[in-house]
Amino acid sequence: MEKVYVIGHKKPDTDSVTAAINLSYLRNKMGYNTVPMILGEINNETKFVLDYFKVKKPKYLNDVRLQIKDLNYNKNHFVNKNTSVYDSFAYMNSQLISNIPIIDDDFSFLGSVSMKDIAKDMICGNNEYLDASFENILSTIDGKELLRFDENIRGKVLVASYRSTTFIQNVKITPETIIIVGDRHSIIEYAVNSCAKLIILTGSSRIHDEHLEIARKNKVNIIKTDLNTFDSAKLISLSKNINELVKNDEVICFNETDDVNDFIAIANKMKYSNFPVVDKNNKCKGIVKLAHTADKNKKRVILVDHNEYEQSVDGLDEAEIVEIIDHHKIGTIGTSAPINFRNMPVGSTNTILYMLFKENNIEIPKHIAGLMMSGVISDTLLFASPTTTGIDKMVVEELAKILNIDYREYAMEMFKAGSTLEGKTEDEIFYTDFKNFSIEGKKVGVSQISTVSPNSILDNSEKYIKLINDLAHNSEYDIVALFVTDILRNGSYIFYNDNSCDILDECFGYDLKQGKYLDGIVSRKKQVIPTIMERLEK
């Protein structure tokens, strides 16, 4: 069954990370093949939660863009370096391809050979000397083994086309001679006595027993073929290893993880159509061509705790979204086919997941209950957020019973672990939970830091104000704001870029100034963004 990635948003918080893990567990129990992933580094709070309940951190997912490996390209289309030129040509012809990757015995990519290379070698190459395996010669001329002493045959190719007496008087046969001959017994006798490397008997010619015995004594290899002398001479050069024709300079090769769009751009500029595909270890996987881009297997994803392109994984437009579970406003994401979209006005995605577990009669194990409870507590700030509903409170209480835990004491431990800012730079702190929004054509960025010790930020407010103004100027934001949420006091301190002062002043009270405390403002989703939207839509 094809794998499905379950992902939260780009700035992983406790609700999104735990929701991805929990939904993946649920779907797998229902027979699906899913894996939870994260799109960025987890924060201290989430790390505390995963460690507390002994759950492994999900792996990082960089993007879901179409890669070469997602195409149904010609896999296992290659030939071994020891394959004959003849068999390599026949394989290309049977597969209707004009060039083929060449591999060594451990499938490492060595280069490629085209039909053009083979034709050029037949016309311009040195076909007087042959270096080929005995097996390749047998196969190429459809021969029968009479005597074999060498697995590899090297030597100068001679065709006995003169009169026997003329040949014997004028042509020297050595242990490095490969002779092609018909039923000329005097030449055969001369060849076996001269210890020729290989005798090819053409046209179903017979060899006398006494000559065969001499050949056996002198270790002369002998092959018999029904082909005539002309055809045997024409084909013999094609028995050499294809490796002799390999070219590896200027060969464009693609890794199976390369983006399809990059492949298309390069392939459109080239004059040939088949490109070797390798893996990260240079092992050849096959060949890909432009036509394969029409036959692809998109990566499949389930989104949790978000439904906007800006907050999701890179390349999402090239993937197939199969499900969305969220508790935010409906955003920018659209799909080409109907999907399961569960969106509810509750305080946490994990609240919805609790309901899904119950609806599908799936037992909630303790580690999943712990993650689920942590997600609800985190996103509702232990019910202090205005996004909190009665369902959220009920879910936490039910999960706490499964865990046999005092959820309020646990929440204080979790908040304390998550709010420590020690050792972090201003940039790291600011971007811990930073989200982009597009509202009425305006570019808006809002960061929120929830902490039990806001003074560590307030004491360095000038650095944060400079960071905010620089970001707004360099990235052309209309509004950039930082909300430092004091969990214990149940309110937030606001910092913003200078150019947005008038707008935010109308949003959050007149006489707004940097670092002003906004009592009761703790939810970006329910209080901050809707307020800014209302102002910009006027």
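For what it's worth, this note's numbering labels the leading residue of the sequence shown as 257, then goes sequentially.
Ideal placement from N, C-alpha and C gives every residue a C-beta, glycine not left out.
Distance from the CA of I479 to the CA of V534, rounded to the nearest whole angstrom, comes to 39 Å. For the 8 Å CB-CB criterion, I359 and L366 form a contact. Separation of C509 and D561 (C-alpha to C-alpha, rounded to the nearest whole angstrom) is 39 Å. Runs of the alpha helix (DSSP H) lying entirely within the stretch 430 to 472 and spanning at least 4 residues, in chain order: 441 to 449. Looking only at F686, M611, T607, E506, the smallest Cα-Cα distance to L723 is reached by F686. Using a Cβ-Cβ distance cut-off of 8 Å, the stretch 454 to 463 and the stretch 293 to 313 are not in contact, since fewer than three pairs of beta carbons, one from each stretch, lie closer than that value. According to the DSSP secondary-structure assignment, D570 is paired through a beta bridge with D319. Contact between the stretch 304 to 315 and the stretch 270 to 279 is present: three or more C-beta pairs spanning the two stretches fall below 8 Å. For C757, the uninterrupted alpha helix (DSSP H) run begins and ends at 757 to 764, by DSSP. E432 is positioned such that its CB atom lies closer than 8 Å to that of K412. Here E793 is near E696, since their CB atoms are less than 8 Å apart. Residue pairing by DSSP places I263 opposite M293, L559 in a beta bridge. Judged by DSSP in its simplified three-state form, S717 adopts helix. Between L483 and D406, the C-beta gap is not smaller than 8 Å, which leaves the two residues out of contact.
Taking 8 Å as the upper bound for CB-CB distance, I608 and R598 are in contact here, some 6 Å apart. Within the model, the alpha-carbon separation for E762 versus R791 is close to 8 Å. The DSSP-derived three-state label of S706 is strand.
Taking the Cα of S717 as reference, the smallest distance to any Cα among D734, H729, V702, V740 is reached at V740. Note on T290: 16 or more other CB atoms within 10 angstroms of its CB, so buried under the neighbour-count rule. Excluding five sequence positions before and after L677, the CB atoms of its chain that fall closer than 6 Å to its own CB belong to I685, S712, given in chain order. With a threshold of 16 other beta carbon atoms within 10 Å, D505 falls short and is exposed. Within the stretch 489 to 550, the alpha helix (DSSP H) runs of at least 4 residues that lie entirely inside it are, in chain order, 516 to 523. Closest option to N355, judged by alpha-carbon separation, among F334, N338, R321: F334. If the five residues before and after G571 are omitted, its C-beta is found closer than 7 Å to the C-beta atoms of D319, V320, R321, all from its own chain and listed in chain order. Taking L638 as the centre and dropping the five residues before and after it, the same chain places the C-beta of A667 closer than 6 Å to its C-beta, in chain order. Taking the Cβ atoms as the reference, G626 lies roughly 11 Å from F304, outside the contact range of under 8 Å.
Of the other Cβ atoms in all chains shown, fewer than 16 fall within 10 Å of the Cβ of P621; this residue is therefore exposed. When DSSP reads this structure, R598 sits in a beta bridge with I581. When Cβ pairs closer than 8 Å are counted between the two stretches, the stretch 490 to 501 is seen not to touch the stretch 520 to 530, the count staying below three. Nearest C-alpha to I785 among S703, D326, S731: S703. Exclusion of the five residues before and after E732 leaves K699 as the residues of its chain whose Cβ lies within less than 8 Å of its Cβ. In this structure, V602 lies near H583, with their beta-carbon atoms less than 8 Å apart. Short of 8 Å from the beta carbon of Y418, and not among the five residues preceding or following it, lie these beta carbons of its own chain, in chain order: N426, V427.
Take R440, set aside five residues on each side of it, and the residues of its chain with a beta-carbon closer than 7 Å to its own are A416, S420, in chain order. Setting aside the 5 residues that flank it on each side, N746 is surrounded in the same chain by A640, G776, V778, each with a C-beta closer than 7 Å to its C-beta; the list follows chain order.
A Cβ-Cβ distance of about 6 Å is found for the pair I595 and V578, placing them in contact under the 8 Å criterion.
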